[in-house]
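Before any comments, here is the structure.
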Amino acid sequence: MAEYTAETEHGLQPAPPPGPVREFWHSFKENRGAVIGLVVFSTFLLIAIIAPLLAPYGPAQQFRDHLLQPPVWQDGGSWQFPLGTDPLGRDMVSRLLYGARFSFFIGVVVVAIATFFGVVIGVIAGFAPRWADTLIMRVMDIVLSFPSLLMALVLVAILGPSLINAMIAIAVVLQPHFVRLTRAAVLSERAKDYVTAARVAGSGQLRIMFKTVLPNCLSPIIVQAALSFSTAVLDAAALGFLGMGAQPPTPEWGTMLAEAREFILRAWWVVTLPGLCILVTVLAINLMGDGLRDALDPKLKRS
Amino acid sequence: MSDTILTAENLTRHYSVKGGLMRPDATVRALDGASFSLRPGSTLAVVGESGCGKSTLARVVTMIEPATSGRLTIGGKEIGPNGAKGDRDLRAMVQIVFQDPYGSLNPRQTIGQTLMEPLLLNRPEIGKADREKRAREMLLMVGLRNEHFDRYPHMFSGGQRQRVAVARALMLDPKILVLDEPVSALDLSIQSQILNLLVDLQERLDLAYLFISHDLSVVSHFADELMVMYLGRPVETGPLKDVYAHPRHPYTRALFSATPVADPRRKRNRIKLEGELPSPMAVPPGCPFNPRCWKATDECRQSFPEYTGGRHSYACFHPLAKDELPRAETQA
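Shown next as structure tokens:
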């Protein structure tokens, strides 16, 4: 023992082999689309965080003299409102910047809720006796069999329209995917010898479930979480558009779309710009998610 | 015998298979009445073809699964249906090394964590520093180096992984080690290294080995006693030399004749068994070997033969005489 302490102290150990993070990054950066997605996503995230510093005005501040002013490059536009104003005279730039905050807030919270409950239920289903497993999975199948937006609408109708309720509804709709994924991964992992070995070493059931098996099931779950992020943003926007999500004057992108619907022919920018923001964010996240999947889980590769 | 550490009497393990729409429920007799004992410092090898219940035996002895019936006594304690649950001393008595070193180590745990886990769970009174010290000592003992402690399993070769698996099994100072085909997934050159390590450890720690294998040439170098299994039952048990020199059961003879010999000029008298291994869901009545045996008579089809003989015991109505040639040889 004296030998090895001496060895570690003098730093005689060879250079550590590449860690899992570096290995992951190496294969992730191969995928150009994924890197672009990551850059765009990070930019949006940064914007969301520092929106109050970037935005020239408050998101609800009205300029009654400048209703529906076009963007700066069109006739009648001015640098005071680079992307124009909405029907109530609010600055589009400020509202879009603040809107990024809501989208990310929704994405993070929804994915966190859905992942947490989905994974816990999935692990339980994977280890449960046959009847309990069947019961859980059939309930999940029922949830999945509803069109997701309809299900979310029903839930919001029950809970009452608000951003928080919309997020809960979307989380409920997304969560069965996590349950199925986790259960499938757990079923294939739990048959392996290292799980039996842990049992022979004296691990209890809970330790086996969450400490031995779960960490080995994480890759597909991470990928699913990344892809669900975009679904969450999209569904929240859709609910907002239908008046069931964030309520005016919240500068949420979907709600902004809904508010400006009647002006679509007269003032294209009030509708197009929030729509573009949604599009770019979702696209970036999806590209990034695909890259994540390829890097973390070669088995799931689609191409 | 007073120095036996493990005794099994008539151990059985049946699995019930739920029938489908058209099939009735069935019982798989994976292990069907095995009796044997283990002594410290000696090795009992269990051989037989695939599906004869070797691995089930390993799981029952390791208390991963309870026996359906029969008595299993380990270190003087009789094992109940709960196995080693809640009994840390019992848990520590028997440990196992699996066949596939790629599946038996948790890919998310470093070697150090893998080795320390049994101590953490079963010897909570041991402090963190002491735990690490013991794990590092064990690493040296199985021929790995100290710097391997913080690495992950995917950075190791199969042989090194199997050393880690052996180290993990030894962390709790077991008295019995179940080796479930520990070398059959390894290269031939690595196999001998691992076998030498196991022999060495057995001498140093006075371990009792239950060595499960289908490779008779490995067994012949390693075992003290041999148990030949067929369809969940031992058909012949005895000291390795006796069984090798003079197999009494026709199945043992057939199994030995199937071992490849590395000498192209030597004439081989292979006994070709006819038919397939019957399904353990439908074990033939009488001696389970009777449909494939060249000596089978009506007696064999009706009742299972008793075990006869002393230390070298066998279950056969028509044991082979000392110099008897099997049918294949007499015909040739």
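Protein chains in written order, with the numbering used here: chain A, 1276 to 1578; chain B, 185 to 516. Note that CB positions come from ideal geometry on N, CA and C, so glycine has one too.
Going by other Cβ atoms of all chains shown within 10 Å of its Cβ, with 16 needed for buried, is residue i buried or exposed?
i: residue 465(B); result: exposed
i: residue 1544(A); result: buried
i: residue 1440(A); result: buried
i: residue 1394(A); result: buried
i: residue 301(B); result: buried
i: residue 1528(A); result: buried
i: residue 332(B); result: buried
i: residue 1306(A); result: buried
i: residue 189(B); result: buried
i: residue 266(B); result: exposed
i: residue 1391(A); result: exposed
i: residue 446(B); result: exposed
i: residue 515(B); result: Note that residue 515(B) scores 40 on pLDDT, short of 50, meaning its location in the model is unreliable; the coordinates nonetheless yield the value given after this. Counting Cβ neighbours within 10 Å, residue 515(B) comes out exposed, since fewer than 16 surround it.
i: residue 474(B); result: buried
i: residue 1480(A); result: exposed
i: residue 1560(A); result: buried
i: residue 309(B); result: exposed
i: residue 1301(A); result: exposed
i: residue 1432(A); result: exposed
i: residue 365(B); result: buried
i: residue 319(B); result: buried
i: residue 1540(A); result: exposed
Need the endpoints of the alpha helix (DSSP H) that residue i sits in, please.
i: residue 280(B); result: No alpha helix (DSSP H) contains residue 280(B), which is instead part of the beta strand (DSSP E) from 278-281.
i: residue 376(B); result: 372-389
i: residue 435(B); result: 434-441
i: residue 310(B); result: Run containing residue 310(B): none; DSSP gives neither H nor E here.
i: residue 477(B); result: Run containing residue 477(B): none; DSSP gives neither H nor E here.
i: residue 1412(A); result: 1405-1420
i: residue 349(B); result: 342-354
i: residue 1343(A); result: Neither: residue 1343(A) is in no alpha helix (DSSP H) and is coded neither H nor E.
i: residue 1311(A); result: 1307-1324
i: residue 238(B); result: 238-245
i: residue 1426(A); result: 1423-1434
i: residue 1505(A); result: 1493-1516
i: residue 447(B); result: First-last for residue 447(B): undefined, no H or E at that position.
i: residue 461(B); result: Segment: none, residue 461(B) is in no alpha helix (DSSP H) and carries neither H nor E.
i: residue 1453(A); result: 1438-1465
i: residue 1527(A); result: Neither: residue 1527(A) is in no alpha helix (DSSP H) and is coded neither H nor E.
Here's a check: name, in chain order, each residue in its chain whose Cβ is nearer than 7 Å to the Cβ of residue i, leaving out the five neighbours to either side.
i: residue 517(B); result: Chain B is shown from 185 up to 516; residue 517(B) falls before or after that span and cannot be answered.
i: residue 1286(A); result: Interpretation of residue 1286(A) is limited by its pLDDT of 45, a score under 50 that renders its predicted location unreliable; the figure taken from the coordinates is listed afterwards. Nothing listed; no residue qualifies.
i: residue 274(B); result: 258, 261 and 268
i: residue 326(B); result: 347, 350, 351 and 381
i: residue 322(B); result: 299, 351, 354 and 355
i: residue 1577(A); result: Caution is warranted here: a pLDDT of 45 is assigned to residue 1577(A), below 50, making its placement in the model unreliable, and no coordinate value can be reported.
i: residue 1352(A); result: 1344, 1345, 1346 and 1359
Ignore the nearest five residues each way along the sequence and tell me which others in residue i's own chain have a CB closer than 8 Å to its CB.
i: residue 201(B); result: 209, 210, 211, 212 and 465
i: residue 1339(A); result: 1364
i: residue 499(B); result: 417, 418, 419, 420, 433, 471, 488, 489, 490, 491 and 492
i: residue 1533(A); result: 1515, 1516, 1517 and 1518
Under the DSSP definition of a beta bridge, which residues are partnered with residue i?
i: residue 261(B); result: 258(B)
i: residue 411(B); result: 230(B) and 421(B)
i: residue 135(B); result: Missing from the structure shown is residue 135(B); chain B here goes from 185 to 516 and no further.
i: residue 492(B); result: 498(B)
i: residue 1365(A); result: 1337(A)
i: residue 253(B); result: 196(B)
i: residue 1360(A); result: 1366(A)
Measure the beta-carbon distance from residue i to residue j and round it to whole angstroms, keeping in mind my assumption that it falls under 8 Å.
i: residue 1468(A); j: residue 282(B); result: 4 Å
i: residue 1490(A); j: residue 292(B); result: 4 Å
i: residue 232(B); j: residue 430(B); result: Contact doesn't hold; Cβ gap of about 19 Å is too wide.
i: residue 1521(A); j: residue 1530(A); result: 5 Å
i: residue 355(B); j: residue 400(B); result: Rounded, the Cβ-Cβ distance is 31 Å, inconsistent with contact.
i: residue 192(B); j: residue 254(B); result: 7 Å
i: residue 468(B); j: residue 462(B); result: 6 Å
i: residue 1326(A); j: residue 1375(A); result: 6 Å
i: residue 412(B); j: residue 393(B); result: Contact flag wrong, Cβ pair sits at about 17 Å.
i: residue 1385(A); j: residue 1323(A); result: Not quite, the Cβ-Cβ distance comes to about 15 Å (not below 8 Å), so this is no contact.
Which residues bound the beta strand (DSSP E) around residue i?
i: residue 213(B); result: 210-222
i: residue 201(B); result: 190-201
i: residue 392(B); result: 392-397
Would the C-beta of residue i count as close to the ligand SAM, meaning under 8 Å from any of its heavy atoms?
i: residue 299(B); result: The ligand SAM is absent from the structure shown, which contains no ligand whatsoever.
Give the interface partners of residue i over in chain D, defined as CB-CB distance under 7 Å, in chain order.
i: residue 279(B); result: Checking the listed chains, one finds no chain D in this structure; the protein chains it contains are A and B.
Note down, in chain order, each residue of its chain lying with its Cβ closer than 6 Å to the Cβ of residue i, except the 5 sequence neighbours on either side.
i: residue 1354(A); result: 1347
i: residue 1458(A); result: 1397, 1400 and 1401
i: residue 369(B); result: 283 and 284
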